[in-house]
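Colleague: To start, I am sharing the structure in question, which I have written as structure tokens.
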Amino acid sequence: MNRLMANRGLLQIFFALLLVIVIMFVSNYVVYKNSISGIYEKVTQNNRLAIKNIIQSFDSSFTNVNNLMFSIQGLPYDNLESAEDKRIDMTKAYTMQENISRLASSVDYIEDVIVFYNNIELAVTAKGTSDLKILFEKKYKHESWNYEYWRAFAKSKHALTFFPVEDFSVSNDGLTNRKQRLMVAMDGNKVRMSDKNVMVLLNADKLLKKIDLSAMIPGASLIVLDANRNMIFSTDKEWNLDKVLNDVYFNSSQESSLTRENFEYNFYRSEYNDYIYINKVPYQFQNINSVATANHMIMISAIISAVLLSAFLSIYLYRPVKDILKLLGGGHVKGNDFRKIYSGIVSVQAENESLKKQMDFVDSEMRRGIFLQMLDGFSHAQEYDIQMQKYYSDFFRKRQFVMAVLHVKRLEEYDQPLLRIDEMTDILSSGLSSKVDHSVVFHAGSMQFLALIGIEQASERKTVMDALESFVNRAMKEELKGYSVWGCVSKLYDSKVSNCNEAYQDITYGMLYRNVNMPRTIVDMDAIRYVSDIYFPFEKIEKLSHTLLSGKADDGIRIVAEIIQENKDRNIHYHQLAHIAKCIFFYLSKQVEDSSSGNKDFCKLEMDFCWKVDNAFGYGEIQNALIEVVRFIANKRNHDQKSKLNPEFISQYIELHYMENLYLDHMAEVLNTSPKYFSNYFKKTFGINYVEYFNKVRLSHAKEYLKHTELSIAEIGEKTGYLNSSTFTTTFKKYCGISPSEYRKKPVD
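Count the sequence shown with this note's numbering and you get residues 288 to 1036, in order.
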């Protein structure tokens, strides 16, 4: 017993099978108790519904035939004889034949339509014209319903009549005959619309296929009687209706039922034409007792066999359960075996899912790595190339390709959550796939994405360019809202690995040589035209330095804006504008090196400036970076008003502005003090009066010009701030002891 309790899984299997047996026994017993009467009632109920549908189908078919006859009677040809010579007008006959053919073609179970007149032997059918006697003796031949019968019936007064389904000998070519089951409908002539006699031949097989008698209960039969109780259709050849019809009384719903011997007769009267439909159904299953005994024996033997089989199956099925537990590592742990299997399967599924994600990631990274290696242009080992070839088909599916680079940059004014790199890659990949036939997108580093776009014909390149730009403009408003995107497209290349490096060089050059005033978000490498007319005004840059030395940030910003605007108007290349901005930055940095107490802030400023310039999308970002530098330097100069009144600032200012008229009043204004205070401070600090120091600075620069340039004495005097050459010469001789000309002649020390 303890061993059985330990093998809880074995007991679970046994009781599960036993439960199935109990459920099967109970359900079989319930079915047995309710099957005979319940099934019969359900079957007969369904049979009644099926019979009503069949009656509706018959009524619908008879209605179609009646409507067809009415339409043919309404045709204008009441007499085919011409008025002049009493001969048959075949034009009328052929016209009527065309109309009959068109009307009959709408009903698929109509075999033919025959129209004839009492005084003419010509018959007009849906298939042509024929002699009436030949038609019934050759084409549609019947032993009883021959030419004389139909002539006599047509002349007698009668209502619309449907004749029973009979076998006709039908000949289409006049040589061969075949048997065909047809039902004949003859139009009534009690109230005539015309002199036409209209007969419609119905294909019985097609008619019954449309009506579908298979829905009746097996063993049931159906008979159709017309309003005069003449049989026109029957599925049972042995019916005897004499006694049955005499006892039928229809209720208000036009239905009635009778039971005779082992059958129930259900009568239905059509509301359309008073036709009677009789359905003969067996009303009781026979041999009920023998069936009940057999069912009891079957159930008892099935229960005994099922219990024994459950015991053997429990032992047999428990073996693989134990093996599965061992594979999942829980074979020696007590407890619910199936719970342990479930836990093991869940664990394996989680591991498989994790492994699948890892493999997908590895495959994605391998494709990305191979794509990036194709760009370097270097050769690799043959074995390595062979391993990579299976990925090439993913890249090159078209005859030619272009490579595109897309730069994504987050806008500072948006505070939405940042998108992950894989999310951006998916957005770009799906967006491009919706615009072009084939493309692959990979993250190349930072916020840069590379796309390889397949093109079948060279003429498609412009279409691809427009589609790419359309997608980028839409994405910046929807999926990539809050980000700025621009890109560059290479020239067109054949789909070869060796061309990838050239295409990559194209987009690299396109990023550097793109025009700063580009009107589109996507740069076309073929559309770039070289511009060499850059604007780099030395005098304005020097003036910019002077304004910042005075702390005039607004004037400095205006100068920067003028320089950038002029280069924008000239539409120079991006790398040219970047070099101009960096040159201005490093020229202005001379003022910071000696005036700042530490270099940490300026070092950070330099790194930020270089990053902004290198990653700028447009000229406006470069201009803003320069303006930030101008404000930084101006703020350093204006940080402390007293900091200007120090020897370092004064000497630097004089050194930068020595060519200007730096009177005492001007210096006092720059230093926010009075001329008298400045003069006393200068002499006390430098040990020399201001005018003498100022002249010595000027003359030191004049000596450099005299020794290293070919400028005239007058030009040197003007460059060093003297109004005329005589004043320059007098001052030079006063402080140096010799004239400028004599100094120039002296050899260089």
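Beta carbons are placed, not taken as given, at the ideal position from N, Cα and C, and that holds for glycine.
Predicted model only: the values in this text are computed from it and were never measured.
1. Sort Thr-448, Arg-686 and Val-784 by Cα distance to Tyr-679 and report the nearest one.
2. Taking the alpha-carbon positions, what's the Ile-846 to Leu-831 distance?
3. Taking only the alpha-carbon atoms, compute the straight-line gap between Tyr-1030 and Gly-1024 and give it to the nearest angstrom.
4. With distances taken between CB atoms, is the gap from Ile-809 to Met-752 smaller than 8 Å?
5. Where does Val-803 sit, in a helix, a strand or coil, going by DSSP?
6. Which of the three DSSP states is assigned to Asp-811 in this structure?
7. Nearest-angstrom Cα distance between Gly-769 and Met-646?
8. Cβ of Phe-345 versus every heavy atom of the ligand COA: is any distance shorter than 7 Å?
9. Would you list, in sequence order, the uninterrupted beta strand (DSSP E) runs of no fewer than 3 residues that lie entirely inside the stretch 653-734?
10. Give the secondary structure of Trp-432 by DSSP, where H, G and I count as helix, E and B as strand, and everything else as coil.
11. Would you call the stretch 846-863 and the stretch 798-805 in contact, with 3 or more CB pairs under 8 Å?
12. Report the start-end ranges of each beta strand (DSSP E) in the stretch 957-1016 that is 3 residues or longer and not cut off at the edges.
13. What separation, rounded to the nearest whole angstrom, lies between the Cα atoms of Ser-882 and Glu-935?
14. Helix, strand or coil for Leu-489, going by three-state DSSP, please let me know.
15. Suppose the cutoff is 6 Å on Cβ atoms and the five residues either side in sequence are ignored; what does the same chain contact list for Phe-758 look like?
16. Could you tell me how far apart the beta carbons of Thr-448 and Met-473 are, in whole angstroms, since I believe they sit closer than 8 Å?
17. What three-state label does DSSP hand Ser-588 in the structure shown?
18. What residue range does the beta strand (DSSP E) around Gln-467 cover?
19. Quick one: grab the DSSP three-state call for Pro-1027.
20. Classify Leu-545 as helix, strand or coil using the three-state DSSP reduction.
21. I'd like to know whether the C-beta atoms of Asn-484 and Phe-403 end up nearer to each other than 8 Å.
22. DSSP state of Glu-756, grouped into three classes?
23. Rounded C-beta distance between Leu-932 and Tyr-968? I'm assuming under 8 Å.
24. With DSSP as the reference, label Gly-797 as helix, strand or coil.
25. Within 10 angstroms of the Cβ of Glu-756, are there 16 or more other Cβ atoms? Answer buried if so, exposed if not.
26. Would you call Asn-354 buried or exposed, if buried means 16 or more other Cβ atoms sit within 10 Å of its Cβ?
27. Look at the alpha carbon of Lys-1006 and the alpha carbon of Ser-1013, and state the distance between them as a whole number of angstroms.
28. Where does Lys-633 land, buried or exposed, given buried means 16+ other C-beta within 10 angstroms?
29. Say whether chain D places a C-beta atom closer than 8 Å to the C-beta of Asn-1011.
30. Compute the Euclidean distance between the alpha carbons of Lys-428 and Leu-462, then round it to the nearest angstrom.
31. Which residue from Asn-406, Ala-903 and Tyr-316 puts its Cα closest to that of Leu-698?
32. Within 10 angstroms of its Cβ, does Leu-304 collect 16 or more other Cβ (buried), or is it exposed?
33. Got a sec? Which residues, its chain only, sit under 8 Å from Lys-827 by beta carbon, not counting five neighbours each side?
34. Is the beta carbon of Leu-390 less than 8 Å from the beta carbon of Ser-358?
35. Taking just the CA atoms, how far does Arg-438 sit from Val-411?
36. For Lys-567, which of helix, strand or coil comes out of DSSP?
Modeller: The relevant details are as follows:
1. If you number the sequence shown from 1, residue 679 lands on position 392. Selected option, being the one with the closest Cα: Val-784.
2. Against the sequence shown, residue 846 aligns to sequence position 559. Against the sequence shown, residue 831 aligns to sequence position 544. Approximately 7 Å between the Cα atoms of the pair.
3. One-based indexing of the sequence shown puts residue 1030 at position 743. One-based indexing of the sequence shown puts residue 1024 at position 737. Taking the straight line from one Cα to the other gives about 9 Å.
4. Taking the first residue of the sequence shown as position 1, residue 809 is located at position 522. Taking the first residue of the sequence shown as position 1, residue 752 is located at position 465. Cβ atoms of Ile-809 and Met-752: closer than 8 Å.
5. Here residue 803 refers to the residue found at position 516 of the sequence shown. Val-803: coil per DSSP, three-state reduction.
6. Position 524 of the sequence shown, counting from 1, holds the residue named residue 811. The answer is strand: DSSP assigns Asp-811 an E or B state.
7. Counting from one through the sequence shown, the residue named residue 769 turns up at place 482. Counting from one through the sequence shown, the residue named residue 646 turns up at place 359. Those two C-alpha atoms are separated by around 33 Å.
8. Ligands are entirely absent from the displayed structure, and the ligand COA is therefore not among its contents.
9. 687-697 and 726-732
10. Working through the sequence shown from its first residue, we reach residue 432 at position 145. Coil, per DSSP.
11. yes
12. none
13. In the sequence shown, counting from the first residue as 1, residue 882 sits at position 595. In the sequence shown, counting from the first residue as 1, residue 935 sits at position 648. At Ser-882, the pLDDT of 46 sits below 50, so the modelled position is not reliable; the number obtained from the coordinates is stated separately. When rounded, the distance between both Cα atoms is 8 Å.
14. Walking along the sequence shown from the start, residue 489 turns up at place 202. Strand, per DSSP.
15. Here residue 758 corresponds to residue number 471 of the sequence shown, with the count starting at 1. Closer than 6 Å at the Cβ level, and outside the excluded window around Phe-758, lie Gly-718 and Lys-722.
16. Within the sequence shown, numbered from 1, the residue matching residue 448 stands at position 161. Within the sequence shown, numbered from 1, the residue matching residue 473 stands at position 186. Right, their Cβ atoms sit about 5 Å apart.
17. On the sequence shown, position 301 is the one that residue 588 refers to. If DSSP states are grouped into helix, strand and coil, Ser-588 belongs with the helices.
18. Taking the sequence shown and counting its residues from 1, the one referred to as residue 467 is at position 180. Element bounds for Gln-467: 465-473.
19. The residue labelled residue 1027 in the question sits at position 740 within the sequence shown. In this structure, Pro-1027 counts as helix in the three-state DSSP scheme.
20. By 1-based counting over the sequence shown, the position of residue 545 is 258. Leu-545: strand per DSSP, three-state reduction.
21. One-based indexing of the sequence shown puts residue 484 at position 197. One-based indexing of the sequence shown puts residue 403 at position 116. A contact, by the Cβ cut-off of 8 Å.
22. Along the sequence shown, read from residue 1 onward, the residue named residue 756 stands at position 469. Helix at Glu-756.
23. The residue given as residue 932 occupies position 645 in the sequence shown. The residue given as residue 968 occupies position 681 in the sequence shown. Right, their Cβ atoms sit about 7 Å apart.
24. One-based indexing of the sequence shown puts residue 797 at position 510. Helix.
25. Counted from its first residue, the sequence shown places residue 756 at position 469. Result: buried.
26. Taking the first residue of the sequence shown as 1, we reach residue 354 at position 67. It counts as exposed.
27. Residue numbering aside, residue 1006 sits at position 719 when the sequence shown is read from its first letter. Residue numbering aside, residue 1013 sits at position 726 when the sequence shown is read from its first letter. For Lys-1006 and Ser-1013, the distance between alpha carbons rounds to 14 Å.
28. For this step, residue 633 is matched to residue 346 along the sequence shown. The residue asked about is misnamed: residue 633 is Val in this sequence, not Lys. It counts as exposed.
29. Within the model displayed, chain D is absent; a lone protein chain is all it includes.
30. For the purposes of this step, residue 428 is identified with residue 141 of the sequence shown, where counting begins at 1. For the purposes of this step, residue 462 is identified with residue 175 of the sequence shown, where counting begins at 1. Approximately 13 Å, taken between the alpha carbons.
31. Counted from its first residue, the sequence shown places residue 698 at position 411. Here the closest residue by C-alpha is Ala-903.
32. Here residue 304 refers to the residue found at position 17 when the sequence shown is read from its first residue. So Leu-304 ends up on the buried side.
33. The residue labelled residue 827 in the question sits at position 540 within the sequence shown. Taken in chain order, the residues that qualify are Ile-846, Glu-849 and Ile-850.
34. Counting from one through the sequence shown, the residue named residue 390 turns up at place 103. Counting from one through the sequence shown, the residue named residue 358 turns up at place 71. Closer than 8 Å, so yes.
35. For the purposes of this step, residue 411 is taken as residue 124 along the sequence shown, with counting starting at 1. For the purposes of this step, residue 438 is taken as residue 151 along the sequence shown, with counting starting at 1. Each residue's Cα considered, the two are about 15 Å apart.
36. Along the sequence shown, one-based indexing puts residue 567 at 280. Of the three classes helix, strand and coil, the one that applies to Lys-567 here is strand, per DSSP.
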